[in-house]
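Using the working numbering, read the sequence shown as starting at 1 and increasing by one per residue.
To start, the structure itself, in structure tokens.
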Amino acid sequence: MTEPAYLVTPQGRRIAHHQTPGRGPGVVFLGGFNSDMQGSKALFLQAWAEAQGRAFLRFDYSGHGQSSGDFRDGAIGDWLQDAEAALALTEERQVLVGSSMGGWIALLLARRHPERIAGLVGIAAAPDFTEDSMWAGFSEAQKAELAQGQVALPSDYGAPYIITRRLIEEGRRHLVLRQPLSLPFPVRLLQGSADTDVPPAVALRLFDHAQGPDIRLTLVKGADHRFSTPDCLGAIAAALAEVLAAAPQPLR
Numbered sequence: 001m002t003e004p005a006y007l008v009t010p011q012g013r014r015i016a017h018h019q020t021p022g023r024g025p026g027v028v029f030l031g032g033f034n035s036d037m038q039g040s041k042a043l044f045l046q047a048w049a050e051a052q053g054r055a056f057l058r059f060d061y062s063g064h065g066q067s068s069g070d071f072r073d074g075a076i077g078d079w080l081q082d083a084e085a086a087l088a089l090t091e092e093r094q095v096l097v098g099s100s101m102g103g104w105i106a107l108l109l110a111r112r113h114p115e116r117i118a119g120l121v122g123i124a125a126a127p128d129f130t131e132d133s134m135w136a137g138f139s140e141a142q143k144a145e146l147a148q149g150q151v152a153l154p155s156d157y158g159a160p161y162i163i164t165r166r167l168i169e170e171g172r173r174h175l176v177l178r179q180p181l182s183l184p185f186p187v188r189l190l191q192g193s194a195d196t197d198v199p200p201a202v203a204l205r206l207f208d209h210a211q212g213p214d215i216r217l218t219l220v221k222g223a224d225h226r227f228s229t230p231d232c233l234g235a236i237a238a239a240l241a242e243v244l245a246a247a248p249q250p251l252r
């Protein structure tokens with residue numbers, strides 16, 4: 001497997017990434033919470049982009065995959081800074097493809113850097129999950145434990161997640177569903193009906209809340225949070241192709 005390249009963020013974090021050249025608008029994949037850029041969706045999208053001659057970038061947030069840092073030390077704002085540093089590697093405007101937490105990061109990038117965004121595809125996007133899913137779902141005992149520094153949550157994907165007090169408190173500085181959210185470019189939201197990590201109600205809330213001229217939500221019956229079956233991957237490719245076709249093309 002090809003070794004990644006590395007960038008160093010202004011904060012001194014070392015971020016692993018794979019970037020392939022091609023025409024614009026390019027595509028940037030933003031992964032989920034405690035995931036990495038070697039997942040099936042990231043690799044599928046890279047292959048798809050290469051077949052299309054489309055520029056593509058995938059990367060690991062700090063504390064994830066091959067990047068520097070400890071996952072437990074990170075928070076939404078850190079990972080947003082990592083994504084901003086990765087976005088700075090690209091030229092022209094980009095289509096962001098955000099999976100789960102990556103959907104939240106994509107929305108934050110769109111809010112901060114609208115001039116760099118040509119479109120957005122959300123895959124089981126999880127905006128504000130630290131507040132609306134984690135904190136809201138904690139028992140009083142878990143909240144008391146968190147006040148001491150951290151709490152462990154069971155995971156369907158392996159070892160328990162260690163959730164820190166900083167993750168919850170810092171996440172409150174980056175909520176996107178409490179104020180107007182303008183998305184003035186093509187947006188496609190994909191959501192599985194059988195997703196128990198980020199249920200369809202989250203997608204519907206985002207769909208209702210976001211403001212923009214071309215926002216569509218597709219609900220896939222029976223799909224779970226991984227959203228990585230052949231049919232789901234095909235739906236991602238179709239949504240991305242639709243966004244790219246509708247996005248303004250770079251000047252020649």
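Think of the CB as a built atom: it goes at the ideal place given N, C-alpha and C, for glycine as much as any other residue.
Residue interval of the beta strand (DSSP E) (run including residue i)
i, result
"Gly103", "Element bounds for Gly103: not the beta strand (DSSP E) but the alpha helix (DSSP H), Met101 to Arg112."
"Leu89", "It is not in any beta strand (DSSP E) - Leu89 carries neither H nor E in the DSSP assignment."
"Ala5", "Ala5 to Val8"
"Pro25", "Arg23 to Leu30"
"Gly122", "Ile117 to Ile123"
"Ala75", "Ala75 -> no beta strand (DSSP E), and no H or E assigned at all."
"Gly158", "Gly158 to Thr164"
"Ala152", "Gln150 to Ser155"
"Arg14", "Arg14 to Thr20"
Residue i, buried or exposed, once every other Cβ within 10 Å from all chains shown has been counted against 16
i, result
"Trp88", "Looking at the sequence itself, residue 88 is Ala, so the reference to Trp does not match. It is exposed - the Cβ of Ala88 has fewer than 16 other Cβ atoms within 10 Å."
"Leu61", "According to the sequence provided, residue 61 is Tyr. The question's Leu does not apply to it. The residue is buried, with at least 16 neighbouring Cβ atoms inside 10 Å."
"Lys221", "exposed"
"Ala42", "buried"
"Pro10", "exposed"
"Val266", "Beyond the ends of the chain as shown, which are 1 and 252, falls residue 266; an answer cannot be given."
"Pro4", "buried"
"Ala16", "buried"
"Arg72", "exposed"
"Ile236", "buried"
"Gly192", "buried"
"Arg252", "For Arg252, the predicted model reports a pLDDT of 46, less than 50, meaning its position is unreliable; a value from the coordinates is still stated below. Label assigned to Arg252: exposed."
"Asp197", "buried"
"Arg226", "buried"
"Pro248", "exposed"
Reference residue i; option with closest CA among the options
i, options, result
"His113", "Arg93, Trp104 and Ala55", "Arg93"
"Ala241", "Ala49, Gln179, Ser99 and Ala5", "Ala49"
"Asp208", "Gly192, Asp195 and Val187", "Val187"
"Pro184", "Arg13, Ser68, Val243 and Gly65", "Val243"
"Ile162", "Val8, Phe33 and Phe29", "Phe33"
"Tyr6", "Ser68, Ser40, Glu140 and Val28", "Ser68"
"Gln142", "Thr164, Ile123, Tyr157 and Ala126", "Thr164"
"Leu190", "Thr20, Thr218 and His174", "Thr218"
"His18", "Leu45, Gly24 and Gly12", "Leu45"
"Gly110", "Leu30, Ala152 and Asp36", "This sequence places Ala at residue 110; Gly is not what is there. Considering only alpha carbons, the answer is Leu30."
"Glu169", "Ile76, Arg58, Val8 and Gly12", "Ile76"
"Ala239", "Gly63, Ala47, Val95 and Ser193", "Val95"
"Ser155", "Ser35, Gly12, Pro248 and Arg166", "Ser35"
"Leu57", "Ile117, Ala86, Ala246 and Pro127", "Ala86"
"Leu175", "Arg226, Gln38, Leu206 and Phe138", "Leu206"
"Phe204", "Pro127, Arg173, Met134 and Leu153", "Looking at the sequence itself, residue 204 is Leu, so the reference to Phe does not match. Closest option to Leu204, Cα to Cα, is Pro127."
"Glu84", "Asp132, Ala152, Arg13 and Gly53", "Arg13"
"Arg172", "Ala210, Asp195, Val8 and Glu131", "Glu131"
"Ala201", "Ser133, Ala47 and Gly65", "Ser133"
"Asp231", "Pro25, Val28 and Ser40", "Ser40"
"Thr20", "Leu167, Gln66 and Glu91", "Glu91"
N-terminal and C-terminal residue of the alpha helix (DSSP H) that residue i is part of
i, result
"Phe44", "Ser40 to Gln52"
"Ala269", "No answer is possible for residue 269: it lies beyond the span of the chain, which begins at 1 and ends at 252."
"Ala144", "Glu140 to Ala147"
C-beta neighbour in chain B for residue i, strict 9 angstroms
i, result
"Leu45", "The question asks about chain B, but that chain is absent: this structure has only one protein chain."
> Taking the runs of the alpha helix (DSSP H) that are 4 residues or longer, which of them lie wholly in the stretch 172 to 223?
Replying inline: 200 to 209
>> Using a Cβ distance threshold of 8 angstroms, determine whether the stretch 97 to 116 contacts the stretch 76 to 83, with at least three qualifying pairs required.
In response: At 8 angstroms Cβ cutoff, the stretches touch.
> Contact between the stretch 213 to 229 and the stretch 169 to 182: three or more CB pairs below 8 angstroms?
Replying inline: In this structure the stretch 213 to 229 does not lie against the stretch 169 to 182, because fewer than three pairs of beta carbons, one per stretch, are closer than 8 angstroms.
> Taking contact to mean at least 3 C-beta pairs separated by less than 8 angstroms, is the stretch 144 to 151 in contact with the stretch 113 to 127?
Replying inline: no
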